[in-house]
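J.: Shown below is the structure under consideration.
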Amino acid sequence: MAGVRGQGHGLRVYAVLYLVFLYAPIVLLPIFAFNDSTIIAFPLSGFTTQWFVELADVPALHSAVLTSLKIAVITALISTLLGICAARAATRYRFPAKAGIMGVIMVPLVLPEIIVAVSLLVVFLQIGLELSSLTVILGHVLICTPFCIAILNGSFQSLDVSLEEAAVDLGESGWGAFRLVILPLVMPGIVASLLIAFTISMDEFIIAFFLSGSDPTLPVYLWGQLRFPQRLPVVMALGTILVVASILIIILAEWFRRRGVAKRGGSDSGGFL
Amino acid sequence: MSALIALSGAQKYFGAYHALRDIDLEIGEGEFFSLLGPSGCGKTTLLRAIAGFEALDGGSVHIDGHDMAGVPANRRPTNMVFQSYAIFPHLSVAENVAFGLRKRGLDAKTQAEKVGGALEMVGLGGYGARAAHALSGGQRQRVALARALVLEPKVLLLDEPLSALDRKMREQMQGELRRLQRHVGITFILVTHDQEEALIMSDRIAVMFDGGITQIDSPEGLYRRPASREVGAFIGQMNFLSGQVRSGSEGFVAQIHGLGHAPLAADQSAEPLVAGQATFGMRPESLSLVFDGQARAASEAAGRVADRAYYGDMTYYEVALDGVAEPVTLSMKNMVGQPVLSVGDAARVAWDPRALIVFSGAGDA
Ligand SMILES: Nc1ncnc2c1ncn2[C@@H]1O[C@H](COP(=O)(O)OP(=O)(O)OP(=O)(O)O)[C@@H](O)[C@H]1O
Ligand SMILES: [Mg+2]
Numbered sequence: 012m013a014g015v016r017g018q019g020h021g022l023r024v025y026a027v028l029y030l031v032f033l034y035a036p037i038v039l040l041p042i043f044a045f046n047d048s049t050i051i052a053f054p055l056s057g058f059t060t061q062w063f064v065e066l067a068d069v070p071a072l073h074s075a076v077l078t079s080l081k082i083a084v085i086t087a088l089i090s091t092l093l094g095i096c097a098a099r100a101a102t103r104y105r106f107p108a109k110a111g112i113m114g115v116i117m118v119p120l121v122l123p124e125i126i127v128a129v130s131l132l133v134v135f136l137q138i139g140l141e142l143s144s145l146t147v148i149l150g151h152v153l154i155c156t157p158f159c160i161a162i163l164n165g166s167f168q169s170l171d172v173s174l175e176e177a178a179v180d181l182g183e184s185g186w187g188a189f190r191l192v193i194l195p196l197v198m199p200g201i202v203a204s205l206l207i208a209f210t211i212s213m214d215e216f217i218i219a220f221f222l223s224g225s226d227p228t229l230p231v232y233l234w235g236q237l238r239f240p241q242r243l244p245v246v247m248a249l250g251t252i253l254v255v256a257s258i259l260i261i262i263l264a265e266w267f268r269r270r271g272v273a274k275r276g277g278s279d280s281g282g283f284l
Numbered sequence: 144m145s146a147l148i149a150l151s152g153a154q155k156y157f158g159a160y161h162a163l164r165d166i167d168l169e170i171g172e173g174e175f176f177s178l179l180g181p182s183g184c185g186k187t188t189l190l191r192a193i194a195g196f197e198a199l200d201g202g203s204v205h206i207d208g209h210d211m212a213g214v215p216a217n218r219r220p221t222n223m224v225f226q227s228y229a230i231f232p233h234l235s236v237a238e239n240v241a242f243g244l245r246k247r248g249l250d251a252k253t254q255a256e257k258v259g260g261a262l263e264m265v266g267l268g269g270y271g272a273r274a275a276h277a278l279s280g281g282q283r284q285r286v287a288l289a290r291a292l293v294l295e296p297k298v299l300l301l302d303e304p305l306s307a308l309d310r311k312m313r314e315q316m317q318g319e320l321r322r323l324q325r326h327v328g329i330t331f332i333l334v335t336h337d338q339e340e341a342l343i344m345s346d347r348i349a350v351m352f353d354g355g356i357t358q359i360d361s362p363e364g365l366y367r368r369p370a371s372r373e374v375g376a377f378i379g380q381m382n383f384l385s386g387q388v389r390s391g392s393e394g395f396v397a398q399i400h401g402l403g404h405a406p407l408a409a410d411q412s413a414e415p416l417v418a419g420q421a422t423f424g425m426r427p428e429s430l431s432l433v434f435d436g437q438a439r440a441a442s443e444a445a446g447r448v449a450d451r452a453y454y455g456d457m458t459y460y461e462v463a464l465d466g467v468a469e470p471v472t473l474s475m476k477n478m479v480g481q482p483v484l485s486v487g488d489a490a491r492v493a494w495d496p497r498a499l500i501v502f503s504g505a506g507d508a
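Heads up: the protein sequence lines correspond to chains W and Y, in order.
The numbering of the first sequence is the working numbering, which starts it at 12 and goes up by one.
The numbering of the second sequence is the working numbering, which starts it at 144 and goes up by one.
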């Protein structure tokens, strides 16, 4: 027993260290965003909201935000649509080598992003596709779709197949049954998938760095700003806003997913949080 | 009888598995028909073939004289109550019931009246606004019934609709379902693996084993004249005794180990009687104990009580007949003034020769 307890204790220490390691840098972000000094170092010199005010009059930043939003929205839509098709196929139909095919679709989840980014760059250059927002979208769809499938699979799998048959039995066409019964029931999953894909695309740096042309996305723009030390506090301010927005969106996504589960009176399984 | 539903030579394969073997079936208008058989025998598959959810690999389904080949489920005059009830959880009770009516082009008032009427019929009047996912099992089942019946189908298909309910609720719903069927006059086809349920509710029953129909008959017919040992054992209890059929000067005679001999009539066997080894079937209630002081019965045998189960109104005895290894089961009504025998007591067993059923072949019983 002592051995088991000791082991549990070790794990707890590990978990705490892990969390500190993971979140300490992020906690530093807001601290320096409100610090009244261009030098990022302790001790802190005073409270200011100046850096947030400065954010408002940088046109290049605004255009980067717009580019990122555009890419994130389109990525979210496309990868969720692909996710719906894949999740439905996986839960509803039997086809040869199903497990293998689903595995291949999920691989980008574990591939190093830099590998994906470089490979895509090579491919796009080979086929003569000019780097632009489009190429970033293609890259982002590739890495977002596995997340969308993972979320949507859960939603589709928890549906009783006879619900769809019952709708058909009551006179609906196949499409009608999907639209009137399946879609409303998986809608929370779809919303969650849209939000997750949006967030991933919004924050993604490596692929955007390699594949964006003359219009940088927000993270790429931020990276560029790091060359100017006096701009660092502004970047910190922007980073703070992004972190807060990301957290809000993830919470929203999980809330939608849970509400969906509760609404159908089901028990909770899966999900990321 | 012109059949409302006629299946002929219906075949279904799942890969190499032969799920439906040459099914011939005719079901009349207004009939309460049950498909009874053990788990995995193909009852659901047969029901789904009638509903249009499984395409046959051979043979045909006719409903009301129309060949259903190529007619999808949403254009067949059938409606189904699913085993899981398949109530749409995101809709209210009334919206569930109205689901199939939306395509009928009714005005809002007529539709609301029909929905209300259907809910009233299944005893859920006033439940329309409830959220469907908040209903109990019995209530869901009623909503599923109302949702199907409101469309006034020619045939209502029910796949083990009562199996998810607790015993008390199930017994209540058996009666209600039967009354409902008489009231609406729609043909009901019920799938069940519960022989008691089938006997209680049905006009006729088809007994299925391994994808094929073994016997179709009324509940009394099935119980009194099972066509095979399998059917006899599946429906109610049956003792199987070995012996011979002999042909004598006055027709055939049964010679049964442990019981003795008795004349046989032609209707006591599903197949024409022939002399030779045979297995004889006998229900527990066709055997009875003769108590001390009672006159000797016309057909009587001796044995010893091997086991006993006392049910209050009835006692079931296992009696080892002299010279027979396998004990027979017999049931006695517990009348006042009659003793209840104990294990080990000597027993005199009277039996009714007219209740014998002859199955050809010696068997292992
Ligand atoms: N879609 C399918 N694919 C492969 N085999 C199937 C399929 N549907 C049913 N079967 C098989 O066909 C046989 C009959 O199934 P069916 O569901 O009709 O049985 P059942 O009599 O309704 O049994 P239960 O009482 O358990 O519901 C079973 O052995 C089952 O495994
Ligand atoms: Mg079944």
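Note that CB positions come from ideal geometry on N, CA and C, so glycine has one too.
Between Gln338/Y and Ile399/Y, is the Cβ-Cβ spacing less than 9 Å?
T.: Contact flag unset, no.
J.: With a threshold of 8 Å (Cβ to nearest heavy atom), would Gln226/Y be considered close to ligand 2?
T.: At least one heavy atom of ligand 2 is nearer than 8 Å to the Cβ of Gln226/Y, so yes.
J.: Using 8 Å as the Cβ pair cut-off and three pairs as the minimum, do the stretch 273-283 of chain Y and the stretch 159-177 of chain Y touch?
T.: The stretch 273-283 of chain Y vs the stretch 159-177 of chain Y: no contact.
J.: State yes or no: is the C-beta of Val172/W nearer than 8 Å to some heavy atom of ligand 2?
T.: Outside the cutoff, so no.
J.: Can you find a CB in chain Y that lies within less than 9 Å of the CB of Ala101/W?
T.: No, Ala101/W does not count as interfacial toward chain Y.
J.: Fully enclosed by the stretch 308-363 of chain Y, which beta strand (DSSP E) runs are 3 residues long or longer?
T.: As far as the stretch 308-363 of chain Y is concerned, its whole beta strand (DSSP E) runs of at least 3 residues are 330-335, 347-352 and 355-360.
J.: Buried or exposed for Lys257/Y, going by 16 or more other Cβ atoms inside 10 Å?
T.: Buried: at least 16 other Cβ atoms inside 10 Å.
J.: DSSP three-state label for Val471/Y, please.
T.: In the structure shown, Val471/Y sits in a strand (DSSP, three-state: E or B).
J.: Is there contact between the stretch 184-195 of chain Y and the stretch 335-355 of chain Y, where contact requires at least three CB pairs shorter than 8 Å?
T.: A contact exists between the stretch 184-195 of chain Y and the stretch 335-355 of chain Y.
J.: Can we count Glu197/Y as close to ligand 2, meaning its CB is less than 8 Å from some heavy atom?
T.: No, ligand 2 has no heavy atom inside 8 Å of this Cβ.
J.: So, Ala441/Y versus Ala493/Y, is the Cβ gap smaller than 9 Å?
T.: A contact, by the Cβ cut-off of 9 Å.
J.: Using a beta-carbon distance cut-off of less than 7 Å, what residues from the stretch 220-252 of chain Y approach chain W?
T.: Answer in chain order: Asn222, Met223, Phe225, Ser227, Ala229, Phe231, Pro232, His233, Phe242, Gly243 and Lys246.
J.: Under 9 Å between C-beta atoms, does Ala177/W make it to chain Y?
T.: Yes - at least one Cβ of chain Y is within 9 Å of the one on Ala177/W.
J.: Note the first and the last residue of the continuous alpha helix (DSSP H) segment covering Tyr232/W.
T.: Looking at the DSSP string, the run of the alpha helix (DSSP H) that includes Tyr232/W is Leu229 to Gln236.
J.: Please tell me whether Val388/Y and Met425/Y are closer than 9 Å, where the distance is taken between their beta carbons.
T.: Going by C-beta atoms, Val388/Y is not nearer than 9 Å to Met425/Y.
J.: Compare the C-beta of Gly182/W with all C-beta atoms of chain Y and state if any pair is closer than 9 Å.
T.: At least one chain Y Cβ lies under 9 Å of Gly182/W.
J.: Quick check: is the beta carbon of Met144/Y nearer than 9 Å to any beta carbon in chain W?
T.: Caution applies to Met144/Y, whose pLDDT of 47 falls short of 50 and renders its modelled position unreliable; the value that the coordinates give is listed next. No, Met144/Y does not count as interfacial toward chain W.
J.: Would you call the stretch 200-210 of chain W and the stretch 116-133 of chain W in contact, with 3 or more CB pairs under 8 Å?
T.: With the cut-off at 8 Å, the stretch 200-210 of chain W and the stretch 116-133 of chain W do not touch.
J.: Is the beta carbon of Leu147/Y less than 9 Å from the beta carbon of Asp207/Y?
T.: The answer is yes: Cβ separation under 9 Å.
J.: Mind checking Thr335/Y: buried by the 16 CB within 10 Å criterion, or exposed?
T.: Per the 10 Å Cβ criterion, buried.
J.: Write down every uninterrupted run of the alpha helix (DSSP H) in the stretch 150-226 of chain W whose length is 4 residues or greater and which is fully enclosed by it, in chain order.
T.: Runs found: 172-180, 185-188, 194-214 and 217-222.
J.: Please say whether Leu253/W and Ala128/W have beta carbons closer to each other than 9 Å?
T.: No; because the gap between Cβ atoms is not below 9 Å, this pair is not in contact.
J.: Per DSSP, what kind of secondary structure is Glu295/Y in: helix, strand or coil?
T.: Coil.
J.: Which residue marks the beginning of the beta strand (DSSP E) containing Pro406/Y, and which one marks its end?
T.: Unbroken beta strand (DSSP E) run through Pro406/Y: Gly403 to Pro406.
J.: Which residues in chain A have a C-beta closer than 7 Å to the C-beta of Ser173/W? List them in chain order.
T.: In the structure shown, chain A does not exist; the protein chains are W and Y.
J.: So is Val192/W in contact with chain Y if we call contact Cβ pairs under 9 Å?
T.: Taking Cβ atoms only, chain Y reaches closer than 9 Å to Val192/W, which makes this a yes.
J.: How long is the line joining the alpha carbons of Ala449/Y and Gly487/Y, rounded to whole angstroms?
T.: Each residue's alpha carbon lies about 6 Å from the other.
J.: Which same chain residues end up closer than 7 Å to Pro157/W when comparing Cβ atoms and leaving out the 5 residues on each side of it in sequence?
T.: Around Pro157/W: Ile116, Met117, Pro119 and Leu120.
J.: Can you check whether the C-beta of Leu163/W is within less than 9 Å of a C-beta belonging to chain Y?
T.: Answer no: the Cβ-Cβ gap between Leu163/W and chain Y never drops below 9 Å.
J.: Spell out whether any CB of chain Y is found under 9 Å from the CB atom of Leu222/W.
T.: It does not: the Cβ of Leu222/W has no partner Cβ on chain Y nearer than 9 Å.
J.: I'd like to know if Pro107/W contacts chain Y, where contact means its C-beta is closer than 9 Å to some C-beta of that chain.
T.: Chain Y, which has no Cβ nearer than 9 Å to the Cβ of Pro107/W, makes this no.
J.: Closest by CA to Asn222/Y, which one among Pro362/Y, Ala194/Y and Asp200/Y?
T.: It is Ala194/Y.
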